[in-house]
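Residue numbers (the numbering used here): 95 to 304.
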């Protein structure tokens, strides 16, 4: 009985997260209430509050369901020693592939990039998102510095600035693709990343991102 109850609770939680993705995408985060999500998931508000104390907690869980696995893979790679630029390019292509082919990843990115405007009740969550982004930028900075040192290359600008530039380019490509899917995100992203790295003196072997 306890196992069944745990399975039912997990199913309810999953249904709520799935419903949140659909309703946030349709209505925008600020215009969506917890009652809307409970109705879309066909559960009571009491069941929703048993899993999530407020909209911020629900939004955070929805974001983590997609972001945490990808972040963990990238962090593991960035913690390796030596020149890991080629494996990093492979991992970035995997990320772009998932965005292009995984409907859930697409929905969550659209919500974060296009539908979370003026959502004042998400303040702490968005602050945590910004903090995580800063950590990602710093990890990328360390990667560029480590590869440059291993190759005895003098970077044309501070590594932190270059990390911001590379991150902005990739995020910009994703944002544009979500608005207009008239280009191949995966191959365009790979070409852009390799061109950027080549431009700062850190060329990747042909096909390394394949």
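Using N, Cα and C, we set each Cβ at its ideal position, and we do this for glycine too.
Asked, Found
"Closer than 7 angstroms by C-beta to residue 247: which residues in its own chain qualify, once you throw out the five before and the five after it? Chain order, please.", "295 and 296"
"On the CB-based measure, 16 or more other CB atoms within 10 Å of its CB, does residue 100 come out buried or exposed?", "exposed"
"Just reading off the alpha helix (DSSP H) that residue 294 is part of, what are its end residues?", "Counting along the chain, residue 294 falls outside any alpha helix (DSSP H), and DSSP gives it neither H nor E."
"Write down the C-beta distance between residue 134 and residue 117 rounded to the nearest angstrom, noting that I regard them as a contact closer than 8 angstroms.", "5 angstroms"
"Can the beta-carbon of residue 201 be found less than 9 angstroms from the beta-carbon of residue 145?", "no"
"Could you tell me which whole alpha helix (DSSP H) segments of length 4 or greater appear in the region 207-266?", "217-245"
"Applying the criterion that 16 or more other CB atoms from any shown protein chain within 10 Å of the CB defines a buried residue, is residue 104 buried or exposed?", "exposed"
"At a cut of 8 angstroms, does the region 276-285 reach the region 249-258 through at least three beta carbon pairs?", "no"
"Unbroken alpha helix (DSSP H) runs of length 4 or more, entirely within the region 122-179: which are they?", "128-135, 139-145 and 149-172"
"Suppose you measure from the CA of residue 123 to the CA of residue 110; what does that come to, to the nearest Å?", "15 angstroms"
"If you drop the 5 nearest sequence neighbours on each side, which residues of the same chain put their C-beta closer than 8 angstroms to that of residue 139?", "128, 129 and 132"
"Relative to the C-alpha of residue 69, which residue among 173, 199 and 272 is closest?", "No answer is possible for residue 69: it lies beyond the span of the chain, which begins at 95 and ends at 304."
"Using a Cβ-Cβ cutoff of less than 7 angstroms, which residues in the same chain neighbour residue 298 once the five nearest sequence positions on both sides are dropped?", "179, 180, 183, 288 and 291"
"Run through the region 183-207 for me and flag every whole alpha helix (DSSP H) of 4 or more residues, listed as ranges in chain order.", "197-204"
"Suppose you measure from the CA of residue 157 to the CA of residue 268; what does that come to, to the nearest Å?", "16 angstroms"
"Work out the CA separation of residue 176 and residue 275 for me, nearest whole Å.", "36 angstroms"
"If I measure Cβ to Cβ from residue 233 and keep anything under 6 angstroms in the same chain, skipping five residues before and after, which residues do I get?", "172"
"Taking buried to mean at least 16 other C-beta atoms within 10 Å of its own C-beta, is residue 235 buried or exposed?", "buried"
"Among 209, 261, 216 and 205, whose alpha-carbon lies nearest the alpha-carbon of residue 228?", "261"
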